[in-house]
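In what follows, a structure is listed as structure tokens, so that the remarks can point back to it.
Number of protein chains: 2
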Amino acid sequence: MKFAIMAGGQGTRFWPLSRETRPKQFLTIAGSRTMLQETVARLSPLAGSGDVFVVCGRQYVDLVRDQLPELKSEQLIVEPVPRNTAPCVGLAALHLRRLFGNVVMALLPADHSIGRVAEFHEVLGTAAQLAERGWLVTFGIEPTFPSTGYGYIHRGEPIAGEKERPSFAVERFAEKPPLETARQFLASGEYYWNSGMFIWTVETVMEQFRRHMPELYEILLALDRDWDDFEKREALFSRAPRVSIDFGIMEKAEKVATIPCKLDWNDVGNWRAVEDLLCKDPAGIAANTQFVQHGSRDCLVHSASGKLFALVGVKNLVVVETPDVVLVCEKDQVEDVKQIVEELRRKGPREYL
Amino acid sequence: MKFAIMAGGQGTRFWPLSRETRPKQFLTIAGSRTMLQETVARLSPLAGSGDVFVVCGRQYVDLVRDQLPELKSEQLIVEPVPRNTAPCVGLAALHLRRLFGNVVMALLPADHSIGRVAEFHEVLGTAAQLAERGWLVTFGIEPTFPSTGYGYIHRGEPIAGEKERPSFAVERFAEKPPLETARQFLASGEYYWNSGMFIWTVETVMEQFRRHMPELYEILLALDRDWDDFEKREALFSRAPRVSIDFGIMEKAEKVATIPCKLDWNDVGNWRAVEDLLCKDPAGIAANTQFVQHGSRDCLVHSASGKLFALVGVKNLVVVETPDVVLVCEKDQVEDVKQIVEELRRKGPREYL
Chain L
-13 MKFAIMAGGQ GTRFWPLSRE TRPKQFLTIA GSRTMLQETV ARLSPLAGSG
37 DVFVVCGRQY VDLVRDQLPE LKSEQLIVEP VPRNTAPCVG LAALHLRRLF
87 GNVVMALLPA DHSIGRVAEF HEVLGTAAQL AERGWLVTFG IEPTFPSTGY
137 GYIHRGEPIA GEKERPSFAV ERFAEKPPLE TARQFLASGE YYWNSGMFIW
187 TVETVMEQFR RHMPELYEIL LALDRDWDDF EKREALFSRA PRVSIDFGIM
237 EKAEKVATIP CKLDWNDVGN WRAVEDLLCK DPAGIAANTQ FVQHGSRDCL
287 VHSASGKLFA LVGVKNLVVV ETPDVVLVCE KDQVEDVKQI VEELRRKGPR
337 EYL
Chain P
-13 MKFAIMAGGQ GTRFWPLSRE TRPKQFLTIA GSRTMLQETV ARLSPLAGSG
37 DVFVVCGRQY VDLVRDQLPE LKSEQLIVEP VPRNTAPCVG LAALHLRRLF
87 GNVVMALLPA DHSIGRVAEF HEVLGTAAQL AERGWLVTFG IEPTFPSTGY
137 GYIHRGEPIA GEKERPSFAV ERFAEKPPLE TARQFLASGE YYWNSGMFIW
187 TVETVMEQFR RHMPELYEIL LALDRDWDDF EKREALFSRA PRVSIDFGIM
237 EKAEKVATIP CKLDWNDVGN WRAVEDLLCK DPAGIAANTQ FVQHGSRDCL
287 VHSASGKLFA LVGVKNLVVV ETPDVVLVCE KDQVEDVKQI VEELRRKGPR
337 EYL
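Chains L and P, in that order, are what the protein sequence lines are. Residue numbering for the first sequence is -13 to 339, as defined by this note's numbering. Residue numbering for the second sequence is -13 to 339, as defined by this note's numbering.
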């Protein structure tokens, strides 16, 4: 099995820590390693030194090399121009086919957190078996609350055959639901969160491109013919449709499987999610730095430079300090950090983007 | 008239901006000059270059020299050890008597803000006239709200005689009152805030020491006898009682006057008071630095290093950022910043004091 880690995201919800030049996957959000480094470290002992590949845009190549100095050149898959995930997956599939022929490939986002690593390895094992039998395999994260922020997977019939863990054919994918629907999903016990991690063989996914995204498939074939012509590659890739792998293939394909699991998974989608990754004091204060407080509770504080934080009479805040910005945000409004970034884009000053 | 600026305070309520080594009077809280520099600048054109004197402890001598390089050595009055204001006033009176004989002296805290400078000068003029007639003169700041944080002056009979402004004999001083009492004071129109600024002649105040603080008076006489013996001076001053000028003299003296005035005076007693000194945006946000906000209001932000602040969905906060600390404080609890400083004193780390 080969691992393609997708490190091309440009999220803005971790501003001011994440910047255009250094998005979330390259940051140390919790713990001592960056999220990309964590993602790679989590694969040992499954992955040998040559089994891990990182997919990203040109602007992040230096960051990837800095953070993963052990990576050889051929382990870096560079998107010529930013497109959505379907072209990105196609490029990775071609790259791996040229090196290894028809292997099982796992697509893993570089910016998720997984607490139960042993279970993660177990699921990968079962997924590889299903992939070899022609399935497109998803992780079915068991929901712990009626989230309106994740897409859901509705399971269908169990899949028979010898495997370490039970698995199910996927009945359908559901977009981020309204709260009432999310509650029904949770109550039914038949719905899972879609984590955006996928496992399949190179040939299975190429066949899906041929069937469901013929335009992209032709571009991929052309790319494969002139693999070393970088100018042509950029021109071809620029014509690829901006479509996600979920929309382009997963929702249309027939043989899609899901493996229920817990994983203690967290997509670390915003500052609030970081709370779950940090230890809290008895007053519910989570911090990556030293703090003193008086009459405060349920806050998250993050200092990029290790400053002392002092909290007096405040609750339910996220406070983030970086070398040039201080963010103070009501915890229930962390998604609105995007609005600040939007305003900086529109009105400047752009140096803070 | 000579001006003795008292710059010996060690307030903790402006932590983390104010530190043990650099208290409030040496900081730029609002505007472009430090509070001490503002206090001196406010005296021109009343004061000639040799008319201003600064009283402070040894630990602040270098700061005073840095901030007021035009000051000659004789204009620095150094308290040998920290005592309360009565000994400090006595030392300043002796110092001025030795240089100028029996002059009018104004005692001015180094860390107050005064908006209406022309009115301030006018009151000083009237105060000097009263001082020359033997009065101990106070500023009677007209209260604008029922403050429980200031002491009050109850006025008595008007004082006759030609003066620029009306003045009154003081009936009595009242300590910081409970809210209901403060409301009655405000409604009566006969009470003023005691600003801690005083004007009198050297001989008048020395006579008051003789009458009401004979122990301190003896020490002052001994100091005067051996003025240049610094070792003796320290030994003598160490024996001075730790008593405020208000308690030691003002509350006991008979011929005390007050001059009603507005001044737009602010003792800048805590972070909340700083708000009144800064311009606010339409959402009630006062800042000494650039900020962006989304759904926030009524906050005060202060950055020692000019960082960008971003506020999302928060209200009624004070946020202060210094090179090593970030303070986030509910606006109604700014007085509790003292508790943080107390905790740092008790438990450390002391580097933040």
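For every residue, glycine included, the Cβ atom is placed at its ideal position computed from N, Cα and C. The model shown is predicted, which means the values in this text are computed figures rather than measured ones.
For L:F216, the enclosing alpha helix (DSSP H) covers residues 216 to 224.
The shortest C-alpha to C-alpha distance from L:H107 to any of L:F125, L:D97, L:W121 is the one to L:F125. Proximity to L:E60 across L:V75, L:R69, L:P68, L:R84 peaks at L:R84, based on C-alpha coordinates.
Remark: three or more beta-carbon pairs, one from each stretch, lie closer than 8 Å, so the stretch 233 to 247 of chain L and the stretch 194 to 206 of chain L are flagged as touching.
Note on geometry: alpha-carbon atoms of P:A173 and P:V314 lie some 36 Å from one another. Among the residues of chain L, those whose CB is under 7 Å from the CB of P:H280 are D322, Q325, I326, following chain order. Burial is judged here by how many other beta carbons sit within 10 angstroms of a residue's own beta carbon; P:E307 has at least 16 and is buried. Here DSSP, grouped into helix, strand and coil, assigns P:K(-12) to strand. What P:P2 touches in chain L, judged by beta-carbon distance under 9 Å, is L294, A296, going in chain order.
Here L:A259 has N252 as same chain residues with Cβ atoms under 6 Å from its own Cβ, once five neighbours each way along the sequence are excluded.
At a cut-off of 8 Å between C-beta atoms, L:Y338 counts as an interface residue with respect to chain P. By the neighbour-count criterion, in which 16 or more other beta carbons inside 10 Å mark a residue as buried, L:T(-2) falls on the buried side. Going by beta carbons, P:K324 and P:E128 fall outside the 8 Å limit.
Within a 10 Å sphere around the beta-carbon of L:E261 sit 16 or more other beta-carbons, which makes this residue buried.
Neighbours of L:D284 in chain P, taken as residues at a C-beta separation under 8 Å, are lacking, since the least C-beta distance is about 13 Å. In the structure shown, L:T308 falls within a coil segment according to DSSP collapsed to helix, strand and coil.
Considered as a whole, the stretch 188 to 268 of chain L harbours 242 to 247 as its complete beta strand (DSSP E) runs of no fewer than 3 residues, in chain order. In this structure L:V305 does not touch P:F295 by the C-beta definition: roughly 11 Å separates them, more than the 8 Å allowed.
Our two residues, L:G17 and P:F223, have alpha carbons roughly 56 Å apart in a direct line.
Apart from the 5 residues on each side of it in sequence, L:W1 sits with its Cβ closer than 6 Å to the Cβ of V323, V327 in its chain, given in chain order.
By the Cβ neighbour-count rule, L:Q319 is buried, with 16 or more other Cβ atoms within 10 Å of its own. Taking C-beta separations shorter than 8 Å and ignoring five residues to either side along the sequence, the partners of P:G137 in its chain run F159, A160, E161, K162, W179, N180, D232, following chain order.
For P:H81, the enclosing alpha helix (DSSP H) starts and ends at 71 to 86. Between the beta-carbon of L:A113 and that of L:V123 there is about 4 Å, and that keeps the pair under the 8 Å contact cut. Taken through DSSP and simplified to helix, strand or coil, P:T124 comes out as strand. Within chain P, K293, L294 have C-beta atoms less than 7 Å from the C-beta of L:D310, given in sequence order.
Per the coordinates, the alpha-carbon of P:M91 lies some 25 Å from the alpha-carbon of P:Y177. Under the 8 Å Cβ criterion, the stretch 34 to 50 of chain P counts as touching the stretch 60 to 80 of chain P, having at least three qualifying pairs.
Taking a contact as a CB-CB distance under 8 Å, the pair L:E150 and L:G111 counts as one, their CB atoms being some 5 Å apart. For L:A16, there is no enclosing beta strand (DSSP E), as DSSP marks it with neither H nor E. According to the DSSP assignment, L:Q53 belongs to the alpha helix (DSSP H) that extends over 47 to 53. Runs of the beta strand (DSSP E) lying entirely within the stretch 127 to 174 of chain L, each at least 3 residues long, are 138 to 144, 154 to 160 in chain order. If you check the CB distance, P:N274 and P:C285 do not come in under 8 Å. Per DSSP, L:H107 is one residue of the alpha helix (DSSP H) stretching across 103 to 118.
For chain P, none of the residues of the stretch 244 to 265 of chain L brings a beta carbon within less than 8 Å of one of its beta carbons. Assignment of beta strand (DSSP E) within the stretch 20 to 44 of chain L, counting only whole runs of 3 or more residues, yields 38 to 43 in chain order.
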